[in-house]
Every structure is written in structure tokens, then in C-alpha cells.
Amino acid sequence: MLIYFNGKLVKKEDAKVSVFDHGLLYGDGVFEGIRSYDCLVFKLREHIDRLYASAQGISLKIPMQKREMEKAIVGTLKANKLKDAYIRVVVTRGEGDLGLDPRNCRHATVFIITDKIALYAAELYHKGLKIVTVPTRRNIPEALNPQIKSLNYLNNILGKIEAINAGVPEALMLDQNGFVTECTGDNIFMIKDDVLVTPPVSVGVLNGITRGAVLEVAAKAGLKTCERMVTRFELYVADEMFLTGTAAELIPVVMIDGRLIGAGNVGKHTSALIGVFKKITKKDGVRYAL
Ligand code: PMP
Numbered sequence: 385m386l387i388y389f390n391g392k393l394v395k396k397e398d399a400k401v402s403v404f405d406h407g408l409l410y411g412d413g414v415f416e417g418i419r420s421y422d423c424l425v426f427k428l429r430e431h432i433d434r435l436y437a438s439a440q441g442i443s444l445k446i447p448m449q450k451r452e453m454e455k456a457i458v459g460t461l462k463a464n465k466l467k468d469a470y471i472r473v474v475v476t477r478g479e480g481d482l483g484l485d486p487r488n489c490r491h492a493t494v495f496i497i498t499d500k501i502a503l504y505a506a507e508l509y510h511k512g513l514k515i516v517t518v519p520t521r522r523n524i525p526e527a528l529n530p531q532i533k534s535l536n537y538l539n540n541i542l543g544k545i546e547a548i549n550a551g552v553p554e555a556l557m558l559d560q561n562g563f564v565t566e567c568t569g570d571n572i573f574m575i576k577d578d579v580l581v582t583p584p585v586s587v588g589v590l591n592g593i594t595r596g597a598v599l600e601v602a603a604k605a606g607l608k609t610c611e612r613m614v615t616r617f618e619l620y621v622a623d624e625m626f627l628t629g630t631a632a633e634l635i636p637v638v639m640i641d642g643r644l645i646g647a648g649n650v651g652k653h654t655s656a657l658i659g660v661f662k663k664i665t666k667k668d669g670v671r672y673a674l
């Protein structure tokens, strides 16, 4: 396996960051999770834009232009001869001292890993997920805005631990006022009376690329869509529910906090959206040849 590491392709064993890297010491950095499907990097430009926006949000200068980043990502996929892959792009503040001051980190660290990922067991895509609302609240935008895809994922990991302790694979996190935000690595959607509803980005959720794609294809398919605040009760009485994310894609939810959603199986709108989503992953992005 070859890793892009600060401008070079190196073997996995040689791709090592310093113990003084602030990405490791403080979670000071940003990242992206991207996917390629049959030699097409799905929504690559959107992911790169979000990476640079996250970096801007934490005053981190990525030491390469967007175009170069695109080449580096595609180059890593080609070097590893991967048609279908999960791509992780990481930019850290770089090596510094033991203080917090980012000015002491002279060069950002940039690496790209191309590999595979399976977030949830394959059978759950047919049977649907069971999730729970967890006590840990999602970071408030005024503290660490969830729109910044930073390396500091401890808030999400605390949620994940609480879900695992409750015996389910995923956690729903609420905001400070009890409104629905998102899951630990996915956005959440519900369908009620033929309207597709998801919380607005402003509540404090990642502006998911899959979320955006689903809203777009749903509207094109004639389904009414709405971004608005959602309460836990509304989820309990929803007709259908699913999560979206690059790694997760679209995964149905059939139970939340012990309440069965709809008939407890994958709903008609969810199935239809999974179908259209699969189609756009084959055309909406940057192509490459091996
Ligand atoms: N929310 C969080 C917290 C995430 O980590 C992710 C995965 N990147 C998502 C939502 C989904 O975003 P996307 O569709 O861009 O992968």
C-alpha cells in the first residue's frame, strides 16, 4: 500500500508522523473522507472545497492548491491500482513543540490514504439499523463548529461509546436545546407524510456531501424536501428514517430508542433514494484510468 505523504508516495511502513505533530497532540487539523466508485471519485471537487473551507475555519494554510490536491488524490488511487476505494485526506498543523501555539508548527503535514471501509455490517443495509439517542450533546457551533471537519472527533467518539454501551451501532446526538443534530459519522433524515426532512446545517451538523446529494436527487425525483429543526418525538413518529455519509452511503434506520419506525422495514422512499443515489455515484465526479 502506497501513501501520499508530504508530496511523495511512500510505503505504509514509512508513512510516519512525528509525536510532536499537533494533529496527534491536539487534534489540530482537518480531514476528508471521499469515495471512488469504478474509477470515478464521487463529488471530489465538493470534498476538496470542504477540506479547504475547514482549514480556513481553523486558520490552517494547506500548502498546495486545490488542483494539486486533486492530482495527489487521483495519483494515490492510481498508484494503488484502486477502482473502488475509501480515501482519507488529512492535513495537520504539523510538527511543533509541546505548547498549543500553532505558529510554532512550520509546515502542515499532508497525507492521503486510499483503502476500503465498511462502517456497518452488510446485512444492516437490508434489515436497517437500530440507533439510540445518547446523553452526550453534539458540539455547539459556538465552541467547535461541526461544519469544520476537524481531527478533533472526541465528541463523536463519546457518542459512539454510549451507543455501543447501549448495544447498538450508532448514536443520535442532540444539540443543547434538545433538537436533533446528526449521528457520530452520518447525517440523519426522516420522511413524514411524503416529505423528506433533515436538520439544517445551522443547528450544528456537518454539511454532508451525501446529505446534499440526497436532497438534490430527492427534489429532482419530485419528493418534497425540507431542512428544519427536528425534535426527537418527530423521529419517533416518522414513517421512514435513514442516515447518509460517504462511508455509510444511505443506510435505513428501523428503530430509535426502542420505537419501531414505520413498519420496521426499509420504506419505499428510502429504497427509491438508495437506487437513485447508486446511479449518481457512477457519474457525478472526477474520472480516472488505471
Ligand atoms: N456527520 C459527521 C459527523 C461525519 O463525520 C460525516 C462523515 N464525513 C457526515 C456527517 C457525512 O458527511 P459526508 O456525506 O460528506 O460524508
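Each residue of the sequence shown is one higher than the last, beginning at 385 in my numbering. Heads up, the beta-carbon is just placed ideally off N, CA and C, and yes, glycines get one too.
If you look at A605, you'll find it isn't in any beta strand (DSSP E); DSSP assigns it neither H nor E.
Assignment of R612 by DSSP, reduced to helix, strand and coil, places it in the coil class. Residue side-chain check: T520 keeps its Cβ at 6 Å or more from all non-hydrogen atoms of the ligand PMP. If only uninterrupted beta strand (DSSP E) runs of at least 3 residues are considered, those enclosed by the region 527–558 are 554–558. Residue nearest to I457 within the set K445, L556, L393 is L393 (criterion: CA-CA distance). In the three-state reduction of the DSSP assignment, G413 falls in the strand class. In the same chain as I515, and ignoring 5 residues on each side of it, the C-beta atoms closer than 6 Å to its own belong to V552, E554, L556, V637, I640, in chain order. I442 and V473 do not touch by the CB rule: their CB atoms are close to 15 Å apart, not below 8 Å.
Note on the region 394–464: whole beta strand (DSSP E) runs with a minimum of 3 residues are 413–420, 424–426, in chain order. Between G651 and N390, the alpha-carbon positions lie close to 46 Å from each other. With a cutoff of 6 Å, N571 counts as near the ligand PMP, since its C-beta is closer than that to a heavy atom of the ligand. Residue burial is scored here from C-beta neighbours: V581 has at least 16 other C-beta atoms within 10 angstroms and is therefore classed as buried. Taking the Cβ of G588 as the reference point, every heavy atom of the ligand PMP lies at 6 Å or farther away.
When the alpha-carbon of T517 is set against those of T615, L409, D499, the nearest one is in T615. The bridge partners DSSP lists for L627 are I572, I635.
Per DSSP, reduced to three states, the secondary structure at L590 is coil, with no helix or strand assignment. Comparing alpha-carbon positions, the option among F617, N523, M448, K604 lying closest to N536 turns out to be N523. For G592, the distance from the CB to the nearest heavy atom of the ligand PMP is below 6 Å.
Pairing D570 with L484 gives a Cβ-Cβ distance that is not under 7 Å. About 6 Å separates the Cβ atoms of L674 and K462, confirming a contact at the 8 Å cut-off. Looking only at A647, R643, V660, the smallest Cα-Cα distance to L599 is reached by V660. Look at L466 here: in three-state DSSP terms it is coil, with no helix or strand label. Distances from the CB of G417 to the heavy atoms of the ligand PMP include at least one below 6 Å.
At least one heavy atom of the ligand PMP falls within 6 Å of the beta-carbon of T630.
Taken from the Cβ of E566, at least one heavy atom of the ligand PMP lies inside 6 Å. DSSP lists no beta-bridge partner residue for E507. Taking 7 Å as the cut-off, the Cβ atoms of V670 and L428 count as close.
Each of Y410, M613, L644 was checked against the Cα of N561, and the nearest Cα belongs to M613. The region 500–516 and the region 526–541 do not touch, with fewer than three beta-carbon pairs separated by less than 8 Å.
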